[in-house]
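Everything in the sequence shown is counted per this note's numbering, starting at 47 for the first residue and increasing by one.
C-beta atoms are modelled at their ideal positions from N, C-alpha and C, and glycine is treated no differently.
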Amino acid sequence: MANNDLVGSVVKAMALVKITASAPDGLKMNELAEAANLKTMTCFNLVRTLIAGGFLEKINGRLYVGSEISRLSGNRFQTGFFRQAEYALLKLNRLWPRATVIFAVPGPCGMEQTHRISFDHPGVIQRLNNEMMPPYASAAGLLGLAFIEDEDVRIRIEEKYPFSEFGVNLWKSRKALNAFLARCRKNSFAVVPFDTEVFHRISFPVFDKTGKFTAVIGASCPARDFTGADLSAVRKELKKQAESFCHNKQE
C-alpha cells in the first residue's frame, strides 16, 4: 500500500511539472490544482516539495518550471559544452590566479552561474546549482539583459528583479541602462561601470555556430592586483575563449 501511495505521488508530481511547463505565463496554485484535478491541499504539498527540489519555482504568486529541469536535461552536447567551459576557466585561472572566473548560461529567470574558480581556491572548479547572477549589477547578468531574446524570460527577470527596486539605484534611469545594453550588443562584451576602483568585472557572450546566445564567460579582477596591461590581456583572452565555443565541435 505504501509503495502504491509513493508511486501515485510521483505520478501526480510529474503531472504538475508537465502542466506548469505548458503554461509559459505560469499558473496560480488554484489554477494548477484545477488543471491537475487535485485537491488544493494535495497540490500545495506536492508543489512545496517540487519547489524545494528546484523542479518548480514561485514568482509573484505564480508557478513556473524550476531551473533543476534544465540542469537535468543535459545531453552529450551539453556535457562537451561544459567540459570546454571548465577547460577555459582553468586556463584563465592559471594565467591570472588573483581573478575569480565564472561561466553562466541563460535560464528561465536570467543568467545562471554554473561554474566558478575563486582566487582563494585556485585550480578548484566550483560546480554550482545554477546560481542566479544579479541582472543589473553583474557583467554576466547585464549580458543576459542585452542578448536574451525570449520575451517570457525577460518578463520573469523584471518580475523577480523589478528595475524600480534592484536597478534604479545603480542606473538612475532605464534610458541609461538601455544605452549601456546597446553598447554591450555592439561591442560584444560588458564591463561593470560601478566600483571600478575596487574590481574590474568583465564578461563576454558565447554564441553557438548558428549565432544563438548560449552562455557568458567572465572574470572579476581586484583593481589593486591588475595593471592596465593586465586587464587588456584578460580581455583579450576572455574574447578568445568565448569565440572558441563556436569553432569547436561541442559534443
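Original post:
Can you tell me whether N176 is buried or exposed, with buried defined as 16 or more other CB within 10 angstroms of its CB?
Top reply: Reading the sequence shown from its first residue, position 130 is the one you call residue 176. Answer is buried; the Cβ neighbour count reaches 16.
**OP:** Flag this pair as yes or no: are the beta carbons of P143 and F165 separated by less than 8 Å?
**Re:** On the sequence shown, residue 143 is found 97 positions in, with the first residue counted as 1. On the sequence shown, residue 165 is found 119 positions in, with the first residue counted as 1. Contact flag set, yes.
Original post:
Using the beta-carbon count (16 or more within 10 Å), is R162 buried or exposed?
Top reply: The sequence position of residue 162 within the sequence shown is 116, counting from 1. Its Cβ being crowded by 16 or more others within 10 Å, R162 is buried.
Subject >> Same chain, Cβ closer than 7 Å to N49, five either side skipped, listed in chain order >> reply: Translated into positions along the sequence shown, residue 49 becomes position 3. The pLDDT assigned to N49 is 45, lower than 50, so where the model puts this residue is not dependable; a value taken from the coordinates is nonetheless given after this. Contacts found: none.
Subject >> Stretch-stretch touch, CB-based, cutoff 8 Å, three pairs: the stretch 93–107 with the stretch 212–231 >> reply: no
Subject >> Residue span of the alpha helix (DSSP H) that contains R144, given as start and end >> reply: As a working note, residue 144 is residue 98 in the sequence shown. Neither: R144 is in no alpha helix (DSSP H) and is coded neither H nor E.
Original post:
Among L102, T146, V57, K137, which residue has its Cα nearest to the Cα of V265?
Top reply: As a first step, residue 265 is located in the sequence shown; it is residue number 219 there, counting from the start. Per the sequence presented here, residue 265 reads as Ala, with Val not at that position. Closest by alpha carbon: T146.
Subject >> Stretch-stretch touch, CB-based, cutoff 8 Å, three pairs: the stretch 246–260 with the stretch 192–203 >> reply: yes
Original post:
Does the separation of the CB atoms of A185 and V237 fall below 8 Å?
Top reply: Counting from 1 along the sequence shown, the entry for residue 185 is found at position 139. Counting from 1 along the sequence shown, the entry for residue 237 is found at position 191. Against a cut-off of 8 Å, the Cβ pair of V237 and A185 comes out as a contact.
Original post:
Any idea what DSSP makes of A222, helix, strand or coil?
Top reply: Taking the first residue of the sequence shown as position 1, residue 222 is located at position 176. Helix, per DSSP.
Original post:
Quick one: Cα of E211 to Cα of G54, how far?
Top reply: Here residue 211 corresponds to residue number 165 of the sequence shown, with the count starting at 1. Here residue 54 corresponds to residue number 8 of the sequence shown, with the count starting at 1. Computed Cα separation, rounded: 42 Å.
Original post:
Identify the residues that DSSP records as bridge partners of P152: which are they?
Top reply: In the sequence shown, counting from the first residue as 1, residue 152 sits at position 106. P152 is bridged to M157.
Subject >> For F212, the three-state DSSP class (helix, strand or coil) >> reply: What you label residue 212 is simply residue 166 of the sequence shown in a count that begins at 1. Residue state, collapsed to three classes: helix.
Original post:
Counting pairs of beta carbons, one from the stretch 200–209 and one from the stretch 146–156, are three or more of them closer than 8 Å?
Top reply: yes
**OP:** Take A81 as the anchor and find which of M87, T66, D71, N91 has the nearest alpha-carbon.
**Re:** Position 35 of the sequence shown, counted from the start, is the residue given in the question as residue 81. Considering only alpha carbons, the answer is T66.
Subject >> Span separating the alpha-carbon of K255 from that of N83 >> reply: If you number the sequence shown from 1, residue 255 lands on position 209. If you number the sequence shown from 1, residue 83 lands on position 37. Their Cα atoms are separated by approximately 44 Å.
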